[in-house]
Each structure stands twice: as C-alpha cells, then as structure tokens.
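Quick notes on the structure that follows.
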Amino acid sequence: MNPLGTGDPLRLGPYRLLGVLGEGGMGKVYVGRDDAGTLAAVKVLRPELAHDTHLAHRFVREAQAAHAVQSPGIAAVLGAQTEGGRPWIATEFLAGPTLDQAVASHGPLDESAVRALAASLARTLADIHAAGFIHRDLKPPNIVMTSSGPRVIDFGIARPEHGLTLTTTGQVPVTPGYGAPEQVLGQRVSPPADVFSLGAVLVYAAGGRPAYGGGHVATVQYEVVHGEPHLDGISPQLSTLIAPCLAKDPAARPTPGQITTAFEEPGKARRVWRHGPLAETIKGREADARQLTTQVSPQDAPSLTRRRLITGFAAGGAVLAAGGGGTAWWLGARRKKEAQQSKDPFYAPPPVRTPKATLDTGAGGKPTSLWNAADVMDAAHGGLLAVRDVIVFASVSGGYSAHDVRNGKRRWTVPEAQVKAGCLSLSDQLVAMADGQGTLHTFVASTGRPKWTCRSAEAKALVAADDEAVYVLTDDDQLRSISRFDAKIRWTSKFPAEYRGKVQYRAVIGDGLLVFVGDDGGILTMATGDGHPVWSFPQTTDLDIAPAVHKGVVYLNGEPLTARRLRDGKKLWESQPPYRLGARAWGPPLVYGDSIYANDGDHTRRILMKDGSEVWSTLGEASYFSPVLRQGSGLWAYLYREDSALVSTMNIEDGKARWAYDLPKTDYLDVAAGGNRVFVLHGSSITALSVF
Numbered sequence: 001m002n003p004l005g006t007g008d009p010l011r012l013g014p015y016r017l018l019g020v021l022g023e024g025g026m027g028k029v030y031v032g033r034d035d036a037g038t039l040a041a042v043k044v045l046r047p048e049l050a051h052d053t054h055l056a057h058r059f060v061r062e063a064q065a066a067h068a069v070q071s072p073g074i075a076a077v078l079g080a081q082t083e084g085g086r087p088w089i090a091t092e093f094l095a096g097p098t099l100d101q102a103v104a105s106h107g108p109l110d111e112s113a114v115r116a117l118a119a120s121l122a123r124t125l126a127d128i129h130a131a132g133f134i135h136r137d138l139k140p141p142n143i144v145m146t147s148s149g150p151r152v153i154d155f156g157i158a159r160p161e162h163g164l165t166l167t168t169t170g171q172v173p174v175t176p177g178y179g180a181p182e183q184v185l186g187q188r189v190s191p192p193a194d195v196f197s198l199g200a201v202l203v204y205a206a207g208g209r210p211a212y213g214g215g216h217v218a219t220v221q222y223e224v225v226h227g228e229p230h231l232d233g234i235s236p237q238l239s240t241l242i243a244p245c246l247a248k249d250p251a252a253r254p255t256p257g258q259i260t261t262a263f264e265e266p267g268k269a270r271r272v273w274r275h276g277p278l279a280e281t282i283k284g285r286e287a288d289a290r291q292l293t294t295q296v297s298p299q300d301a302p303s304l305t306r307r308r309l310i311t312g313f314a315a316g317g318a319v320l321a322a323g324g325g326g327t328a329w330w331l332g333a334r335r336k337k338e339a340q341q342s343k344d345p346f347y348a349p350p351p352v353r354t355p356k357a358t359l360d361t362g363a364g365g366k367p368t369s370l371w372n373a374a375d376v377m378d379a380a381h382g383g384l385l386a387v388r389d390v391i392v393f394a395s396v397s398g399g400y401s402a403h404d405v406r407n408g409k410r411r412w413t414v415p416e417a418q419v420k421a422g423c424l425s426l427s428d429q430l431v432a433m434a435d436g437q438g439t440l441h442t443f444v445a446s447t448g449r450p451k452w453t454c455r456s457a458e459a460k461a462l463v464a465a466d467d468e469a470v471y472v473l474t475d476d477d478q479l480r481s482i483s484r485f486d487a488k489i490r491w492t493s494k495f496p497a498e499y500r501g502k503v504q505y506r507a508v509i510g511d512g513l514l515v516f517v518g519d520d521g522g523i524l525t526m527a528t529g530d531g532h533p534v535w536s537f538p539q540t541t542d543l544d545i546a547p548a549v550h551k552g553v554v555y556l557n558g559e560p561l562t563a564r565r566l567r568d569g570k571k572l573w574e575s576q577p578p579y580r581l582g583a584r585a586w587g588p589p590l591v592y593g594d595s596i597y598a599n600d601g602d603h604t605r606r607i608l609m610k611d612g613s614e615v616w617s618t619l620g621e622a623s624y625f626s627p628v629l630r631q632g633s634g635l636w637a638y639l640y641r642e643d644s645a646l647v648s649t650m651n652i653e654d655g656k657a658r659w660a661y662d663l664p665k666t667d668y669l670d671v672a673a674g675g676n677r678v679f680v681l682h683g684s685s686i687t688a689l690s691v692f
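Residues in the sequence shown are numbered consecutively from 1, following my numbering.
And the structure:
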C-alpha cells in the first residue's frame, strides 16, 4: 500500500482512505476503513472520467451484479455510491496473496491441493452462473487465497494486482491464455467460457506455468483457438480431469457441478490455504490487515441510513439513472443477505475490535485502572478468555459470563454451561462451550446469540479449535473432531495407551497437528485430519508445560526451553537461563515476530526463535510460571508474592520497565490480553488496565 498523494480524496462515503492499493488508466483502488473499523477496497473513477455516462452505468452494473451473486467464494460488495460526481464501489478487503503470487512464492500446488482448489472454484462459478452472470475474466490474479478458501474477485475489485477491469469502452478485455476460444473470436459467451478459464487456472496452479505459451499476445490467442494446452509436468490423473475443461467446443466442457464431483476428495483433500507454508503466509497477511482496523462494538457502529444512500446516489445523475432506482436495489440486497445470514447457524459475523482506552494517569504518572468487576468470577474453574470486545469467564453464579471490555458490565451469560469442560474462542467470532450432557454449543462472542450445536459431541473437555473443527475429549477419553461447517463428527480417535486418560485438557494446533501435554510432562502430537498419533517423546517434570507453535516449530518451556521441529519432534535447539540462582525454569513462551519472550523467575528474556540466542534480558518482577502477554506496544507479566502481588509491563523492543500495578494478596492470580486492554484476575475480581 502506498501513501495518499496530492489530489487523492481523504474520504469517500463512510470510508476514510488509508492509502493507495493500485491504479490504472481508468481509476484508482484505495484501502479504506469505515467508522466500525471495517476495511474495504474502494475503487473510484478518475475525476476526468467521472461524468462519462457509459462508465458510470458500467460502475453501477458491476455493483448490482456482484450483489446479486450469493456466494462465499467472491469478494462481497460493501457499498456503491457517488461522491461529488465520482462513482465508487467498495468491496471487502482481502489480504491474502493472489493465486499467481502464491505459486510464485511457494511453487506449484500438489495434486491434493489442486483438487481442493478446483472443487472450491467450481462451486463459486456455479453460484455466479446461478445468479445469471458470467465472470469472463477468471485468472490467477483474480483469485485471492484466504484462510477460508479461494475467493474470486468479481469485476476486478479488492486487490491492486487484479487491475481495473474497465477499458475506455467499458468492456472486459480477454486475458491472453485464459479467455475461451469463443471470447477470442468475439462470439457469444456463455457459462462454459468460465469453465475454460478454470481449466487454464488449474494448469497454472498444478504446473507453475500458463497452459498456452508463445510470448506475443497474438501467438497465445492463436494457440487458444487452434493449439493444445501444455499439460506436461502435470500428473496423468490431473491432466485427465483438466483437459475436458479446455475443449474448444463449449458444449464439450463439463459443468461446474461435474467438476466439483470429479475433483473433490471428501475428507482427504488437503486445504492448502489452512495448513502449510502458504497458510502461514495467508495468516501473516491477514494479521497485518487486522492491525489496520480499529473497530467498535456493533451497537456503537453508525448505520448506513436510507437518507445517506439517497444523498449519495443523487450526487451523480448518470449513476442514479443507470441504477434504475439504485437505492432500492442496494437496500433490498443488503437486507436480504443479512436475513439469510441471521438464519444460517454456521454463519459467523465478522470479529469485533475495540479502540484503545484512554490512558489516564494517577499519582507518579502510573496509569489508573479502567474498571473493576468485584466478586464476579469462579476462579477455581479456568482463567480469563478475551474475545475481542468481551471477556469470558466462569461465573460465581454458575456457567459462563461475558462482560464488556470497555466498562466491565455483563453482556451475556450461559448458566447451563459446564465450566469444567472449559470454553474456546473460534476465530474470535464464536465461543464454544459444553453443557452437562456433553452437547457442544456455540455462541456469537459479541452478543451471546446461540449458533450451531452438536448433541453427539459427548464432550468432557474442549481442547482446541482451528478453522475447520472443534476438538474435544469425550466422556470415554477419546479425541473427537467436530466440523465447524455442519456440526457433524469428522472422526473419533483413541489416544496411545500410555497417554489414555493422562493428557491435559488443552492443546495447541499448528501445521495440521494437535500438540498435547501429558500429566507427567510428556509431549504427544496427533493429526487434525484423522486423529492418528504422529510423534511423542516422554519426559517427567512437575512444571507446567505450555507449548507454543509457530511456523513449523513447537517451543516447550520448562528446564530448559526447547525448540522442536513440529513435523517429527526433532530437537532444533535448547536454551538454559544464563543465571542459575536456585531452582529456576522457563515459564510459558510468547512467540511474536522473530523472537520468544519468557520469564525464568529472575528475568524476562527475549531470545531469537531461530537459534535460542538472547537479544535482551531485564531483571523483572515476574514469576517464572507467569505467561508473558503482548498487547499494544508492551509486554505484561505478574509476580506472585507471599503477602502481595503485582502486574508489571515493559517495552517490547528493549524490555525497559514502564510501570507496575500493586495488588493485595490473593489465592488466584491470572492475566489475559485482548480488546486493546489487559485483564487481571485477582481472587474473584477482574480489573481492566490500559495499554500503551
């Protein structure tokens, strides 16, 4: 993203523009953020073209068409208005790499990943065609890889690399090597043209090069019409499936539904956007994008009123005329989509974020606490779970309670929840809990609205969750995977004999593996795909081991701190605290950036994750068993004393101490971070602190 330049608007409609994503001959694409913190890619015509009636008509048709398509596989249109005579269209901002970027960085996809990609894209094409539209420009730069799957960019919006699809005549150009023969020849285009483009996309994804070469545009287009695709380097199995998509005769090409059936491998296809190196790239980009958001709770977000929409469309007569009652279509489509989503138990609303609290200082310059909720938590059953704008915990009155992070007031409760089973955050959107009968329940984190349930879960404990499933321990001590897409049981697996009934009720997930800690400190990994044990190693310790997973490595605290390769458990390095004043050990590690942060009882240390070498240490006030938390620009930890306690904070870059909060003696002490705040459990009370 480039900074705004001279002549760039600062705001378009509800979007404050943050920078320029890209530009072409007809216009620019900006990244914008509305008052609710939602990021959008905002496409606008150049000022000198804004009054071109044909282009204005085309703009509204683009927005209307995209809104008519109901599919999880496209970038959703968020708004379309005119501002001072300049039409603009906003779509959700997709941070992941495009397919061509993914292949360039990570190489061609393997067969299982190509199958998953083909099935997903075919389903999206089916949705587009069912709405009465043809994409006409499906190609690798128009496919964004996200953590929820590939997303087709309809009408060239949302990413600068996709380019603007408008030419000076308002027509979509044929992309050499991806447009179907009938497109090249100027003939009537029908849905099979998109199937041809899909075939060319799959050749590129599987082989790393275009299906039709030749260099010069005319040569490539000639090959599309008269030549044969280059399928060398692609497995015979995939070639057999892809070749029919590239048939010269549109009638000979399979339908999207047939493609989905032929390519899909139920329960086997590896979702490359969820596991492996590409998944890490996607997660990294999406995490960076989240740093740009500063959202508030839904009830505080300004709504897009009918008056604002009418005003926006009236500003440009050409656009309003082209829409034929543009305000009505937008409101109707939006309300229809919202109604459909509210009825879908598997639809999770976008995560909510909250702005930083005002940093008020008291005596000595130390910030004062934001709020205190006294005697609200049953601290004997679990800790604090921060989920964006709420903090969830076991209530003194039974079940779970969620309080607003801004003021500490109770937002919602689930009295029937079994607190011994624990609770989990699902992508910061839903919260999962179990009742006394072992039924798995999910709720919208921000509001507590019930979503999907699984009565056959038989959940004794909720151990982990990823983008695909929730993993639970059953009443008979087996590991069970429950799909987040249909609430069905994916698989149930037994633990190895030496770990059966002897694992902690929490696990961490990375690269398709669940990492468990045994009651004696041993480590066990099991595959998320089918639950089979992968590797383990025994160790005996009375320390609390809290694994952290990052980019194919699992970091294990204790004595010493150890880095092991996640796929096979091979030890990469270990680190002993340099100062051994009595019995000391590493506490729970925090992985952030290129470093690991942990306490050893004497110091808080920052060490490099690549080799365990120390960057800095600070003689801090933190117990070795205290986790190190990151929130804002600081690190947080606590010190448990015989007669008192305190929570301290320091700079993340150099470890320099900032301030400390003194607390009275308590039997329970814990910290959690989220919602741009740090939360301290002391006894049965919770205090919220500002971050810097």
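We put the CB at the ideal spot given by N, CA and C, even for glycine.
Query raised in the report: Among SER446, THR447, ILE482, PHE393, which residue has its Cα nearest to the Cα of ARG455?
Result: ILE482
Query raised in the report: Where do the N-terminal and C-terminal ends of the beta strand (DSSP E) with GLY149 fall, by residue?
Result: 149-152
Query raised in the report: Using a Cβ-Cβ cut-off of 6 Å (strictly less than) and excluding sequence neighbours within five positions of MET526, which residues of its own chain qualify?
Result: The beta carbon of MET526 sits closer than 6 Å to those of LEU514, PRO533, all from its chain and outside the five residues before and after it, given in chain order.
Report task. With DSSP collapsed to three states, give me the class of GLN258. Result -> helix
Report task. Report the option in ARG480, LYS409, GLY438, GLY186 whose CA atom is closest to the CA atom of ASP446. Result -> Checking the displayed sequence, the identity of residue 446 turns out to be Ser instead of Asp. Of ARG480, LYS409, GLY438, GLY186, the residue nearest in Cα terms is LYS409.
Query - chain B contact for TYR640 (CB, 7 Å cutoff) - result: Of the protein chains in the structure, only one exists, and it is not chain B.
Requested in this report: State the Cα-Cα distance for the pair ASP7 and VAL472, rounded to the nearest angstrom.
Outcome: The amino acid occupying residue 7 in the given sequence is Gly; Asp does not appear at that position. Their Cα atoms are separated by approximately 55 Å.
Query raised in the report: Since ASP127 is in the alpha helix (DSSP H), which residue starts that stretch and which ends it?
Result: 111-130
Query raised in the report: Quick one: what's got a C-beta closer than 8 Å to TRP273's C-beta in the same chain, skipping five residues either side?
Result: GLY96, MET145, THR146, SER147, SER148, GLY149, PRO150, ALA279, ILE282
Query raised in the report: Which residues bound the alpha helix (DSSP H) around PHE196?
Result: 192-207
Requested in this report: Please determine, among ALA637, ARG123, ILE153, LEU246, the residue with the shortest C-alpha to C-alpha distance to GLY177.
Outcome: Minimum Cα distance to GLY177 is reached at LEU246.
Requested in this report: Would you list the one or two residues that DSSP bridges to GLU23?
Outcome: LYS28
Requested in this report: Check the DSSP bridge columns for THR649 and list the partner residues they point to.
Outcome: TRP636, TRP659
Query - 7 Å CB neighbourhood of ALA703 in its chain, flanking five on each side removed - result: Since the first residue of the chain shown is 1 and the last is 692, residue 703 is not available in this structure.
Report task. Identify which residue in ASP600, ASP404, ARG46, ASP654 has its Cα closest to the Cα of LYS28. Result -> ARG46
Query raised in the report: Are the segment 371-378 and the segment 634-645 touching, with three or more C-beta to C-beta distances below 8 Å?
Result: no
Requested in this report: Would you be able to state if there are at least three C-beta pairs under 8 Å between the segment 551-569 and the segment 494-502?
Outcome: no
Report task. Could you round the C-beta distance between TYR624 and ASN599 to whole angstroms and report it? I think they count as a contact, below 8 Å. Result -> The Cβ separation is near 5 Å, so the contact holds.
Query raised in the report: ALA485 and PHE346 look like a contact to me (Cβ under 8 Å); what is the Cβ gap, rounded to whole Å?
Result: It is Phe, not Ala, that sits at residue 485 in the sequence shown. Indeed, because the Cβ distance is near 6 Å, the residues count as touching under 8 Å.
Report task. Could you tell me which uninterrupted beta strand (DSSP E) segments, each at least 3 residues in length, are contained entirely in the segment 367-396, listed from first to last along the chain? Result -> 371-373, 385-387, 390-394
Query - As assigned by DSSP and simplified to three states, the class of GLY674 - result: strand
Query - Beta-carbon proximity check, ILE242 vs GLY199, cutoff 7 Å - result: Cβ distance < 7 Å, so ILE242 and GLY199 count as in contact.
Report task. Helix, strand or coil for GLY601, going by three-state DSSP, please let me know. Result -> Note: GLY601 maps to coil in three-state DSSP.
Query raised in the report: Which residue or residues does DSSP assign as beta-bridge partners of ARG630?
Result: BP columns for ARG630 point to LEU635.
Query raised in the report: For the beta strand (DSSP E) that SER483 lies in, which residues bound it at each end?
Result: 479-483
**Report entry** Per-residue burial, ASN676 [other beta carbons within 10 Å of its own, 16 or more giving buried]
**Finding:** buried
Query raised in the report: Just checking my contact of PRO256 with ALA434 at CB under 8 Å: how many whole Å lie between their CB atoms?
Result: In fact, because the Cβ distance is near 39 Å, the residues do not count as touching under 8 Å.
Query raised in the report: From which residue to which residue does the alpha helix (DSSP H) around SER105 run?
Result: 99-106
Query raised in the report: Apart from the five residues just before and just after GLY634, which ones in its own chain have a Cβ nearer than 7 Å to its Cβ?
Result: THR649, MET650, ASN651, ILE652, ARG658, VAL691, PHE692
Query raised in the report: Tell me which same chain residues have a C-beta within less than 8 Å of the C-beta of LYS656, skipping the five on either side of it?
Result: THR618, MET650
Requested in this report: Could you check the C-alpha separation between GLY383 and VAL463 for me, to the nearest Å?
Outcome: 14 Å
Query raised in the report: Should ARG490 go down as buried or exposed, given a rule of 16 or more other Cβ atoms within 10 Å for buried?
Result: Buried.
**Report entry** GLN504, enclosing beta strand (DSSP E) - first and last residue
**Finding:** Per DSSP, GLN504 belongs to the beta strand (DSSP E) from 503-510.
Query - Alpha carbon of SER105 to alpha carbon of VAL224, nearest angstrom - result: 27 Å
Query - 8 Å contact criterion, which ALA118 and ILE234 should meet: CB distance rounded - result: About 12 Å separates the beta carbons of ALA118 and ILE234, which is beyond the 8 Å limit, so they are not a contact pair.
Report task. Indicate whether THR124 and GLY73 have their beta-carbon atoms separated by less than 7 Å. Result -> yes
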